[in-house]
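Heads up: the sequence shown begins at 74 in our numbering, then just goes up one per residue. Written below as structure tokens is the structure these notes are about.
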Amino acid sequence: MGKDGFLTPKAIANRIKAKGLLKLKFYCQVCEKQCRDENGFKCHTQSESHQRQLLLVAENPGRYIHNYSDQFKKDFLSILSRAHGTKRVFANSVYQEYIADRNHIHMNATRWNTLSEFVKYLGREGICQVDETERGWYITWIDNSPKALARQAAIQKMDRMQRDEEEREQQMLKEQIEKAAKEAEERGVMEPKATELKRDEGSQSKIKLSLSMKPLAKPAAPVASKAGGNKMRMMMKSGGGVKKAEPPRHLSIAKSHH
Numbered sequence: 074m075g076k077d078g079f080l081t082p083k084a085i086a087n088r089i090k091a092k093g094l095l096k097l098k099f100y101c102q103v104c105e106k107q108c109r110d111e112n113g114f115k116c117h118t119q120s121e122s123h124q125r126q127l128l129l130v131a132e133n134p135g136r137y138i139h140n141y142s143d144q145f146k147k148d149f150l151s152i153l154s155r156a157h158g159t160k161r162v163f164a165n166s167v168y169q170e171y172i173a174d175r176n177h178i179h180m181n182a183t184r185w186n187t188l189s190e191f192v193k194y195l196g197r198e199g200i201c202q203v204d205e206t207e208r209g210w211y212i213t214w215i216d217n218s219p220k221a222l223a224r225q226a227a228i229q230k231m232d233r234m235q236r237d238e239e240e241r242e243q244q245m246l247k248e249q250i251e252k253a254a255k256e257a258e259e260r261g262v263m264e265p266k267a268t269e270l271k272r273d274e275g276s277q278s279k280i281k282l283s284l285s286m287k288p289l290a291k292p293a294a295p296v297a298s299k300a301g302g303n304k305m306r307m308m309m310k311s312g313g314g315v316k317k318a319e320p321p322r323h324l325s326i327a328k329s330h331h
């Protein structure tokens, strides 16, 4: 395997470094080339290809800056609208998501020098709602797409229809009440009006509550039946009475032996 092969430690280290984000000051937007250090960037600026690109840009620098600015704004708003929608988010968080792509348009190639200037521009143009806090700038995307405007118009129309229907119902109810009151007045019927309950201050009447209980009635004594009384008298006349209890048989036998 050669010294500069694909699997040499140096080649692997170079590929690992190329995957990450490098310093912005070592990036050439005209050539779209990222250099790893100051020496590499210096060598690039002295190269023939870079000199030819600079001659092309020098012919109309405003057009290049305008194109870079439009592309930067388009990509930034694309991430803001797709990832966050109309939520209030930290502007720097969106910018970190934007620069995660190594092929993004760098801000130093646009007409805005800092992120704060770009956020202020979005607020002036009515693209986003911006507010500054102690932490930094927060932005909220304003959805002005035709679909969003049509959806918003449909919601507003539905709300107006509901309000109109409620107003019509209230108007009909009011007319019915007025009509009923007019008919009652023609018949001479006066509607009773609710009045407040009042008590005369001069009246001496008092409300008394009695908690006394009535005595319970005594239960009546049981009365013997007439038929039972006659039967008892007949038994006493006939001498039946109540018989004595006879002694046991073994005691009577013992007495006879004595």
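For every residue, glycine included, the Cβ atom is placed at its ideal position computed from N, Cα and C.
| task | Taking the CB atoms as reference points, tell me whether valine 162 and threonine 206 lie closer together than 9 Å. | result | no
| request: Would you check if there are 3 or more beta carbon pairs closer than 8 Å linking the segment 178-186 to the segment 115-124? | output: no
| task | Give the DSSP-derived three-state secondary structure of glutamate 207 in the structure shown. | result | coil
| query | Does DSSP put glutamine 119 in a helix, in a strand, or in coil? | reply | coil
| Rounded to a whole number of angstroms, what is the C-alpha to C-alpha distance between alanine 254 and glutamine 244? | 15 Å
| said: Do valine 167 and phenylalanine 149 have their beta-carbon atoms positioned less than 9 Å apart in this structure? | reply: yes
| query | Going by DSSP, what residues sit across from isoleucine 212 in a beta bridge? | reply | Val162, Val203
| query | Does DSSP put glutamine 107 in a helix, in a strand, or in coil? | reply | strand
| query | First and last residue of the alpha helix (DSSP H) that includes arginine 136? | reply | 134-156
| query | Opposite tyrosine 100 in the DSSP bridges: which residues? | reply | Gln107
| request: Answer yes or no: do valine 130 and alanine 164 have a C-beta to C-beta separation smaller than 9 Å? | output: no
| Assigned secondary structure, arginine 236 (DSSP; H/G/I helix, E/B strand, else coil) | helix
| message | Once DSSP output is grouped into helix, strand and coil, what is the label at alanine 297? | response | Annotation note: pLDDT 49 at alanine 297 (below 50); position unreliable, coordinate value reported separately. Correct three-state label for alanine 297: coil.
| tyrosine 107 burial status per 10 Å Cβ neighbour count (16 or more: buried) | The question names tyrosine, yet the displayed sequence has glutamine at residue 107. Counting Cβ neighbours within 10 Å, glutamine 107 comes out buried, since at least 16 surround it.
| From Ile172, Asp174, Trp185, pick the residue whose C-alpha is nearest to that of tyrosine 141; which is it? | Trp185
| If glycine 196 and isoleucine 215 are in contact, beta carbons under 8 Å, what's the gap, nearest whole angstrom? | The pair is not a contact, with the Cβ atoms about 10 Å apart (cut-off 8 Å).
| field | Contact under 9 Å by Cβ, phenylalanine 79 with phenylalanine 99 | value | no
| query | For glycine 113, does the three-state DSSP call read helix, strand or coil? | reply | helix
| Three-state secondary structure (DSSP) of histidine 261 | Looking at the sequence itself, residue 261 is glycine, so the reference to histidine does not match. Three-state result, glycine 261: coil.
| field | For leucine 127 and valine 103, believed in contact at Cβ under 8 Å, the rounded distance | value | 7 Å
| task | Leaving aside the five residues before and after valine 192 along the sequence, list all residues of the same chain whose C-beta is less than 7 Å from its C-beta, in chain order. | result | Ala164, Val203, Trp210, Ile212
| query | From which residue to which residue does the alpha helix (DSSP H) around serine 218 run? | reply | Counting along the chain, serine 218 falls outside any alpha helix (DSSP H), and DSSP gives it neither H nor E.
| Straight-line Cα distance separating alanine 156 from arginine 241 | 44 Å
| Using the beta-carbon count (16 or more within 10 Å), is threonine 183 buried or exposed? | buried
| Do you know how far the Cα of glutamate 170 is from the Cα of isoleucine 138? | 23 Å
| field | isoleucine 172, DSSP secondary structure in three states | value | coil
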